[in-house]
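A.B. asks:
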Amino acid sequence: MIGPLRLPRRDPYAPPWRVGATPVLSTIGGSALSLLPIVAPWPALPPTGFLMLLGWRLLRPEMWQAWIGAPLGFADDVLTGRPFGTGMVLWTLCLLMIDQIDTRLLWRDYWQEWAIVAAALGYSIAGAVMLGWIGGAESSLRAMVPQYLVALMTFPLVLRLCAFLDRWRLRQ
Amino acid sequence: MLAPRAKRRPGHSRRAQLGLFVAYVAAVGAAIIGLFLIILAAVDPVGFGIVRGAATDASAPVSSVLRRGVMAVTGADDAVSAYLDAGAQNIALRRQLAAAHVRLVEARATEFENRRLRAMLKIVQPRNDVLAVARVVSSTATSDRRIATLTAGLNDGVRPGQPVRAPEGLVGRVLDTGRSASRVLLLTDETNSVPVREVRRGTPGIVTGDGTGGLDIRALGTGPMPFRRGDLLVTSGAGGLYAPGIPVAVVALVGADGARALPLARPERLDVAAVLPAYRPPLLPAPAAGAKKP
Chain X
2 MIGPLRLPRR
12 DPYAPPWRVG
22 ATPVLSTIGG
32 SALSLLPIVA
42 PWPALPPTGF
52 LMLLGWRLLR
62 PEMWQAWIGA
72 PLGFADDVLT
82 GRPFGTGMVL
92 WTLCLLMIDQ
102 IDTRLLWRDY
112 WQEWAIVAAA
122 LGYSIAGAVM
132 LGWIGGAESS
142 LRAMVPQYLV
152 ALMTFPLVLR
162 LCAFLDRWRL
172 RQ
Chain Y
439 MLAPRAKRRP
449 GHSRRAQLGL
459 FVAYVAAVGA
469 AIIGLFLIIL
479 AAVDPVGFGI
489 VRGAATDASA
499 PVSSVLRRGV
509 MAVTGADDAV
519 SAYLDAGAQN
529 IALRRQLAAA
539 HVRLVEARAT
549 EFENRRLRAM
559 LKIVQPRNDV
569 LAVARVVSST
579 ATSDRRIATL
589 TAGLNDGVRP
599 GQPVRAPEGL
609 VGRVLDTGRS
619 ASRVLLLTDE
629 TNSVPVREVR
639 RGTPGIVTGD
649 GTGGLDIRAL
659 GTGPMPFRRG
669 DLLVTSGAGG
679 LYAPGIPVAV
689 VALVGADGAR
699 ALPLARPERL
709 DVAAVLPAYR
719 PPLLPAPAAG
729 AKKP
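So the sequences go chain by chain: X and Y.
Numbering (my numbering) for the first sequence: 2 to 173.
Numbering (my numbering) for the second sequence: 439 to 732.
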């Protein structure tokens, strides 16, 4: 999705806290975007926290284990105002599924990546609505279609942001 | 991107195999805990409201600081378009003002008459004291729910279930509260239903959010669609919670199978809102025959 890519190597003098904390903090920062002071009449903002998670996962498959979805998903629940547990369930299961896909594919190319992102976004947006039904919400999936399309179009930008942060965190 | 797949195969090392296994067990366990939390919140909404409230308290100040700048930006396009058609608008407004003045006098007379009739019927009007006036600072912009954050909480006397209104009309009701901030379920949420009536003919109906910023109206009773475009809907007070007479929405579109309305208090323009006590319908003295209509 960002063309032929040489992943940057870690500089031996890169501070360890920056190497570890950048992906985590940037994902939480993505979730915190929904604290922006917009009172939106419809779900206008793409799920930026989840997009950051996907970006990091696709860029650096070896970096995180699937359990990272639980704490990051919980932070997303707190920040976006979804019922607690929604992000924990959806993000962790999503990472497990991508792990499974990774063991079956030898290489990933541009279109496979789009397909993974499209499926993951659909799953997470629809899943969040459906998990809301347990708590008595009566939202319909119809209202989420624009958000899904916007999120899909935003993903290349998010991946570029992840690649930029990746270069920054690994340099000296 | 032609990145090689993750090096997740642990090979023959027993320790690496075990580590991978533990990581997967942790992930599945965490997902199950998450599901458990969701179900627990559905079973015990009050207990979870307290936890949620603490989270709201922590996040509200961030949005609160940023909100003022956004209000200035949102207002800018209105200011520009007002300049562009100032002339035509001036004439139209003057005509409206003249018409409104007549109506105002009529309304004053009606109000006076109403007060006398009410006194005669000895209906005790429930007092509509405002509990708190606070800023609306943000909303769940990512989520399918339409929930806004208000900068007033338990310390200001706000409790879950109380109606919230803006000067323009009804905003929604309090969902859960923290100490200094609370979350408001907006009218446009699909879970929120408000009993309304048309302001002139009194046709009853129920408005429900449609999740995309509008409201669906259902008429109570059979027959053709009684609502027309431009009809003003106010709360009817049926079932309690919302006091009668709060403006809610204006009918925008009438189709064959339903009507759509737009909320009068537009969520994206909300600045301040007032929390009102939950309305309890008054217990009327048994009315004499013929004195049924208020």
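From the three backbone atoms N, C-alpha and C, an ideal C-beta is built for every residue, glycine too.
Could you please give me the residues that DSSP links to residue 614 of chain Y through a beta bridge?
C.D. replies: Y/621
A.B. asks: Taking only the alpha-carbon atoms, compute the straight-line gap between residue 34 of chain X and residue 100 of chain X and give it to the nearest angstrom.
C.D. replies: 27 Å
A.B. asks: Alpha carbon to alpha carbon, how far is residue 89 of chain X from residue 72 of chain X? Give it in angstroms, no decimals.
C.D. replies: 7 Å
A.B. asks: Identify the contact partners of residue 489 of chain Y in chain X, using a Cβ-Cβ distance below 8 Å as the criterion.
C.D. replies: 85
A.B. asks: Indicate the three-state DSSP secondary structure (helix, strand or coil) for residue 518 of chain Y in the structure shown.
C.D. replies: helix
A.B. asks: Along the segment 106–126 of chain X, where does the CB come closer than 9 Å to a CB of chain Y? Name the residues.
C.D. replies: 106, 107, 108, 109, 110, 111, 114 and 126
A.B. asks: Cα-Cα, which of X/32, X/160 and X/42 is closest to residue 111 of chain X?
C.D. replies: X/160
A.B. asks: Note the first and the last residue of the continuous beta strand (DSSP E) segment covering residue 656 of chain Y.
C.D. replies: 653–657
A.B. asks: Beta carbons nearer than 7 Å to chain X: which residues of the segment 586–605 of chain Y have them?
C.D. replies: 586
A.B. asks: Grouping DSSP H, G and I as helix and E and B as strand, with all else coil, what is residue 675 of chain Y?
C.D. replies: coil
A.B. asks: How about residue 607 of chain Y and residue 691 of chain Y: do their beta carbons lie closer than 7 Å?
C.D. replies: no
A.B. asks: Does the distance from the C-beta atom of residue 13 of chain X to that of residue 57 of chain X stay below 7 Å?
C.D. replies: No.
A.B. asks: With a threshold of 7 Å on Cβ separation, who are the neighbours of residue 494 of chain Y within its own chain once the five nearest residues in sequence on each side are excluded?
C.D. replies: 587, 616, 619, 620 and 621
A.B. asks: Excluding the 5 residues flanking residue 442 of chain Y on each side, which residues of the same chain have their C-beta closer than 8 Å to its C-beta?
C.D. replies: Any reading at residue 442 of chain Y must be qualified, since the residue scores a pLDDT of 48, below 50, and its modelled position is unreliable; the value itself is stated next. Excluding sequence neighbours, residue 442 of chain Y sits near nothing in its chain.
A.B. asks: Using the beta-carbon count (16 or more within 10 Å), is residue 26 of chain X buried or exposed?
C.D. replies: exposed
A.B. asks: Jot down the residue ranges of each uninterrupted alpha helix (DSSP H) in the segment 56–88 of chain X, minimum 4 residues, whole runs only, in chain order.
C.D. replies: 70–81
A.B. asks: Mind listing which residues of the segment 146–160 of chain X have their C-beta closer than 7 Å to chain Y's C-betas, in chain order?
C.D. replies: none
A.B. asks: Hey, residue 624 of chain Y and residue 645 of chain Y are a contact pair by Cβ (cut 8 Å); roughly how many whole angstroms apart?
C.D. replies: Rounded, the Cβ-Cβ distance is 12 Å, inconsistent with contact.
A.B. asks: Decide if residue 134 of chain X is buried, meaning its Cβ has at least 16 other Cβ atoms within 10 Å, or exposed.
C.D. replies: exposed
A.B. asks: Work out the CA separation of residue 714 of chain Y and residue 464 of chain Y for me, nearest whole Å.
C.D. replies: If you take the alpha carbons of residue 464 of chain Y and residue 714 of chain Y, they lie about 46 Å apart.
A.B. asks: Please work out which residues of its chain come closer than 6 Å, Cβ to Cβ, to residue 685 of chain Y, disregarding the five sequence neighbours upstream and downstream, and give them in chain order.
C.D. replies: 607, 672 and 702
A.B. asks: Hey, out of X/154, X/139 and X/9, whose CA is closest to residue 177 of chain X's CA?
C.D. replies: The structure shown does not extend to residue 177 of chain X, since chain X is modelled only from 2 to 173, so the question has no answer here.
A.B. asks: Could you name the residues that DSSP lists as bridge partners for residue 595 of chain Y?
C.D. replies: For residue 595 of chain Y, which the question treats as bridged, DSSP gives no partner whatsoever.
A.B. asks: Starting from residue 19 of chain X, follow the alpha helix (DSSP H) in both directions and report where the run begins and ends.
C.D. replies: 17–33
A.B. asks: Going by other Cβ atoms of all chains shown within 10 Å of its Cβ, with 16 needed for buried, is residue 689 of chain Y buried or exposed?
C.D. replies: buried
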